[in-house]
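Numbering (mature numbering (1 follows the signal peptide of the UniProt record, and there is no 0)), first residue to last: -18 to -1, 1 to 134.
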């Protein structure tokens, strides 16, 4: 795979996920502020910096994954980023928090699957996803708590 295509496959998916998330979460601070959230929920201002780092790590993983003959890890990588991109519009724009919980659970599973596949050949790439998995696990617990505390 040439370097230009590899760069596009590494950079475009996390940038697209971030853009979709950003556009669909324009009113997130207000809508998040109206929710009954658990005491351990972060302030709305914490999400932007956290996601910036996590998307950057995803870009590095994409770079390390894109040039491989076996496309399993790349397919999982793109799939988990698609799930990531789907979560924010569901949770914030559509206010479908139960559906968003299903998506974030699938996202967690996809990240674990990607890490397992990556660990066979590139332990560094798998390790780079650990903070992302931790944050998404936290987001899953937060989403579940919000669903419980804010019945439809």
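We put the CB at the ideal spot given by N, CA and C, even for glycine.
Boundaries of the alpha helix (DSSP H) in which residue i is found, first to last residue
| i | result |
| --- | --- |
| residue 66 | 54 to 70 |
| residue 127 | 112 to 131 |
| residue 45 | 29 to 48 |
| residue 89 | 79 to 101 |
Distance, residue j Cα to residue i Cα
| i | j | result |
| --- | --- | --- |
| residue 55 | residue -16 | 18 Å |
| residue 15 | residue 73 | 13 Å |
| residue 3 | residue 83 | 16 Å |
| residue 101 | residue 115 | 14 Å |
| residue 98 | residue 112 | 11 Å |
Whole-number beta carbon distance between residue j and residue i, since they are thought to touch under 8 Å
| i | j | result |
| --- | --- | --- |
| residue 53 | residue 104 | Going by Cβ atoms, the distance from residue 53 to residue 104 rounds to 14 Å, so no, they are not a contact pair. |
| residue 39 | residue 110 | 5 Å |
| residue 35 | residue 80 | Actually they do not touch by this definition, with Cβ atoms about 28 Å apart. |
Candidates the options: closest to residue i by CA position
| i | options | result |
| --- | --- | --- |
| residue 23 | 134, 85, -12 and 125 | 125 |
| residue 76 | 44, 5, -13 and -7 | 5 |
| residue 108 | 43, 127 and 120 | 43 |
| residue 133 | -13, 9, 19 and -9 | 19 |
| residue 88 | 25, 78, 130 and 65 | 65 |
| residue -2 | 50, 37, 131 and 121 | 37 |
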